[in-house]
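Working notes, beginning with the structure itself.
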Amino acid sequence: MKIIHHDQLQEQLFYERLNNGLHVYILPKKEFNKTYATFTTKYGSVDNYFTPYGKTTMKKVPDGIAHFLEHKLFEKEDGDVFQTFSKQGASANAFTSFTRTAYLFSSTTNVEKNLETLLDFVQEPYFTEQTVEKEKGIIGQEIRMYDDNPDWRLYFGTIESMYHHHPVKIDIAGTVESISHITKDLLYECYETFYHPSNMLLFVTGPIDPSAILEQIRTNQAKKTFRPPTEIERFRYEEPTHVARERHVIEMNVQTPKCFVGVKANNVYTKGKDKLKHECTIGLLLDYLFGKSSLHYERLYQQGLIDETFMVDYTEESDFGFGLVGGDTSQPDQLAIEIQRILLEFDDIDDEQVERMKRKKIGTFLRSLNSLEYVANQFTRYAFDHMSLFDVVETLQSLTSDDLKAVARECFVREQFTVCQVVPKR
Amino acid sequence: MFQEEVKTIGGLRLHVIPTKKYKTNTLVLKMKAPLCERDVTMRALVPYVLQNATERHPSMKALRTYLDELYGATLQVDLAKKGENHIITIRMDIANEKFLGDTSPLLREALTLFSDMLFRPFTEGDGFSVAIVEQEKRALKQKIQSLFDDKMRYAQHRLMEEMYKGSPYALDVHGKLEDVDSIDAKRLYEHYEHMLKHDEIDLYIVGDVMLADVEHDVAERFSLEVRPPRSIATPTIIRRTDVQEVVEKQDVKQGKLHLGYRTNTTYNDPDYDALQVWNGIFGGFAHSKLFINVREKASLAYYAASRIESHQGMMMVMAGIDPSKYERALEIIHAQAEGMRNGQFSDEEIVQTKAVIRNQLLETIDTARGMIEMSYHNVIATNQRPLQQWLEGIEKVTREDIVRVGKKIELDTIYFLTEKEGEKK
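Heads up: the sequence lines are chains A and B, in that order. Residue numbers are given in the UniProt record's numbering: position 257 of the first sequence equals residue 257, and the series is strictly consecutive. Residue numbers are given in the UniProt record's numbering: position 251 of the second sequence equals residue 251, and the series is strictly consecutive.
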């Protein structure tokens, strides 16, 4: 067991890689009531084209299968795992993102039992044709719910416009049509490929004793047999730098229009400190330009082009990165023009303002550490790309105006912009 | 559990909740007044105007720049109704300098800014700044309109409108669209002064701090006249004998089915604990009857759940279903509710539900917001119900208690937002 100290943050992180390849991290938080644990596989919606375990050729699987698998793992021969967790006083859940599928519970009692349940249910799949068919109705309604949600449509509409080939453009849940092709055999094939312990990470945080918890995990894993780990071969999509579509308008049953400008990043590092720095730099730059203390925000707000829903966000995972700027607006065309102009005309930089934004980002990071959920989920995300959540402060401190200018040159290029709008149906 | 120190300073009630859980300190101000049609829109506008600018930081940019200097302190406003009370919440969260290697006392700076915002807003002549008020009126209108765009929230609001027609609980917390235009900067300022005199005001501080550390700083900055206590807003009683059914058609792909029930039980009732268990078995969780029967067995929905409004005496069921499955879904929901009334639930379900409620309560107090909300329930109900008592109350609930509280639950309104006819699936 290795101990990683973070003195400034007053945190101690315990780590061990088990014989079967599973990465285990434990962060004691003795003041808290609850323990929160996530068991995550590095497998998400973008992993739709790969060589299945035991096969020699690449295979494309139906859109939405990672998410479908997540739903189906909860069902066992003797019933639903939610029932087991709630009998043990825990609340359980799961989510699928572009690059990860996470299973989790939180509980204030029976932590050991719940941890055992978590490890066992994820590592004991039970799929039948009948339960797979039944799930199609449930997920079909989940998809319909998002179809009616203008914010989700705007978000995915923007991403879809940015990418030619990369599967990040595909909705995580897939479509009613694509999930109709999912079978139990396909689920097992994905499971065998991606749910090996060597492709997974367990994070446990709360008022726990790290050595006792680790011992329990070791014992649990030692009881099970796993095949030797193999390298997972994923298809590498060749993605041009420019966006696939410059403009996309979605007509919906809404009263207030919405507009996003999407910025497609190029030169995305796939892992390590460079990636962390790249992500922090673009995040800081977008906040510098559009944050609530910026000149632009004040002006756009006074002009009535934006309201409280205005946001900036930057996502960088695996081999893709994109920024989003926008929100509700009564003048979606005007707002799109203004945002793009601000990005393209960016040139001079105010060092004092950069320092202030760094302070802001550092304070924001501290705040996010108040949440066990945030720590577990984000730590896992960073670890999968060989970065550490606890390096964020240091990375932010190291940023310079030149770093900001460099990413601006690389990202603020017209061919890398897309505009997506949701407007009331005529 | 958590400790809470309370001290009355003039017209302000200061609550300090010391904890070492967090790397930041949280300040929350709550202003409460009866929910009423005449005032709701102005009250909705005031906090948004206040958070724009102060005398000392006279523009949005100046104020926000200062917040950034304070290590990105956050400042947020929101509005809520708890029973027939309209509650304004202003929240600020600021880093604890001990994790920063910075020694300036950030909490004191935050208190100063907070009091500036409340007592020394940016003004022009004898009112708020006209430009700011106009800008916030525009933003408020957009906010009220955007309710229509989020169909789940819209359906919930429409259910309340139908169920509580003509009474305050039907109002949207953001007020009425048609009332926004007539508000001017001067009138709004007068209303703000009225609120400072008459609202019930609570300030919460959560973090690595004790009452003794901040009492003086608060007293120095917050001077509010003593005010007579407000009487408890008792919820309007609906007398409806038949269940009303409202179907609304829009261009949507998923139908939103929302049912409103009168529970005839509120936070201060001895039956309140039993009601929570009832709701938990029925639809509060992923092990509940609605989830199992509507979602898992019938495969009709992705979500199917119930929840209670503690101070209004209302329970709501919501499910997102295919428009063609309206009757089928209703049939299942009714059957589950009927089964509950007849005591068709196992002892195991009782034990399981109590365990989950207990867990939920204990998890709630792991967040600053959760502790504040829990404490604030007692302010609204003018009652003291410490967490320990709450937990014990849940534990003591018997099968008979659950059946008894269930007999008081009456279906009031069924609201269904569905697709327009003739549209293809």
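Don't be surprised by glycine CBs; every beta carbon is placed ideally from N, CA and C.
TODO: Go ahead and label residue 255(B) buried or exposed: buried means 16 or more other beta carbons lie within 10 angstroms of its beta carbon, across all protein chains shown.
DONE: buried
Exercise. Could you work out which residue in 382(B), 389(B), 23(B), 45(B) is closest to residue 107(B) when comparing CA atoms only?
Key: 23(B)
Take residue 20(B) and list the residues in its own chain whose beta-carbon comes closer than 8 Å to its own, dropping the five residues that flank it on each side. 208
- Query: Excluding five sequence neighbours on each side, which residues of the same chain lie with their C-beta closer than 6 Å to the C-beta of residue 425(B)?
  - Reply: Any reading at residue 425(B) must be qualified, since the residue scores a pLDDT of 41, below 50, and its modelled position is unreliable; no value is offered.
*For residue 106(A) and chain B, any beta-carbon pair shorter than 8 Å?*
yes
- Is residue 98(A) closer than 8 Å to residue 45(A) when the C-beta atoms are compared? yes
*Between residue 302(B) and residue 366(B), what straight-line distance do the alpha-carbon atoms span, to the nearest angstrom?*
28 Å
message: Let me make sure I understand the geometry here. Which of 6(B), 196(B), 420(B), 73(B) has the alpha-carbon closest to that of residue 212(B)?
response: 6(B)
Review point. In chain B, which residues lie less than 8 Å from residue 426(A) when you measure between Cβ atoms?
Key: Within chain B, no residue comes near residue 426(A); the closest Cβ sits about 12 Å away, beyond 8 Å.
Checklist entry - Does any C-beta atom of chain B lie closer than 8 Å to the C-beta of residue 32(A)? => result yes
Can you check the region 148-211 of chain A for any beta strand (DSSP E) of at least 3 residues that lies completely inside it and give the ranges in chain order? 200-206
Residue 163(B) vs residue 412(B) beta-carbon contact at 8 Å
yes
- Message: I need the boundaries of the alpha helix (DSSP H) containing residue 333(B), first residue and last residue.
- Response: 326-341
**OP:** Could you tell me the boundaries of the beta strand (DSSP E) in which residue 174(B) lies?
**Re:** That residue, residue 174(B), is in no beta strand (DSSP E); it is neither H nor E in DSSP.
### Task
Specify whether the region 164-179 of chain A and the region 202-217 of chain A touch according to this definition: at least 3 beta carbon pairs, one from each stretch, less than 8 Å apart.
no
When you compare only the Cα positions, how much space is there between residue 93(A) and residue 373(A)?
12 Å
task: Rounded to whole angstroms, what's the CA-CA distance from residue 83(A) to residue 286(B)? Just pull it up for me.
output: 8 Å
- Segment contact, 8 Å Cβ cut-off, at least three pairs: the region 51-67 of chain A with the region 326-342 of chain A: no
**Prompt:** Between the beta-carbon of residue 232(A) and the beta-carbon of residue 194(A), is there less than 8 Å?
**Reply:** yes
Option in 275(A), 294(A), 135(A) with minimal Cα separation from residue 68(B): 294(A)
- Task: Could you check what DSSP says for residue 282(A) in three-state terms: helix, strand or coil?
- Result: helix
Assuming residue 273(B) and residue 397(B) make a contact with CB atoms under 8 Å, what is their CB distance in whole Å?
-> 5 Å
query: Looking only at C-alpha atoms, which of 283(A), 170(A), 43(A), 107(A) sits nearest to residue 358(A)?
result: 283(A)
Those runs of the beta strand (DSSP E) which lie wholly inside the region 4-36 of chain A and span at least 3 residues: 11-17, 23-28
inquiry  = Output needed for residue 451(B): all residues of its chain with C-beta closer than 6 Å, excluding positions within five of it in sequence on either side, in chain order.
reply    = Residue 451(B) lies beyond the residue range present for chain B, which begins at 1 and ends at 425; the question has no answer from this structure.
Check your understanding: So, helix, strand or coil for residue 371(A), using DSSP?
Key -> coil
What is the DSSP secondary structure of residue 298(B), counted as helix, strand or coil?
coil
For this session: Determine the burial state of residue 316(A): buried for a count of at least 16 other Cβ atoms within 10 Å of its Cβ, exposed for fewer.
Result: buried
- Query: If the cut is a Cβ gap below 8 Å, which residues of chain B does residue 304(A) touch?
  - Reply: 135, 138
Assuming the contact rule is C-beta atoms closer than 8 Å, residue 12(A) and residue 5(A) should be a hit. Round their C-beta distance to whole Å, please. 6 Å
*Under three-state DSSP, which class holds residue 128(B)?*
strand
Q.
Assuming residue 379(A) and residue 366(A) are in contact, meaning their beta carbons sit under 8 Å apart, how far apart are those beta carbons, in whole angstroms?
A. Incorrect: roughly 15 Å between the Cβ atoms, too far for contact.
Where residue 64(B) meets chain A, residues with beta-carbon distance less than 9 Å: 291, 292, 293, 294, 297, 298
### Message
Assuming contact is defined by CB atoms lying nearer than 8 Å, are residue 168(B) and residue 84(B) in contact in what I supplied?
### Response
yes
How close, in whole Å, do the beta carbons of residue 362(A) and residue 404(A) come, if the pair is a contact with beta carbons under 8 Å?
Contact doesn't hold; Cβ gap of about 16 Å is too wide.
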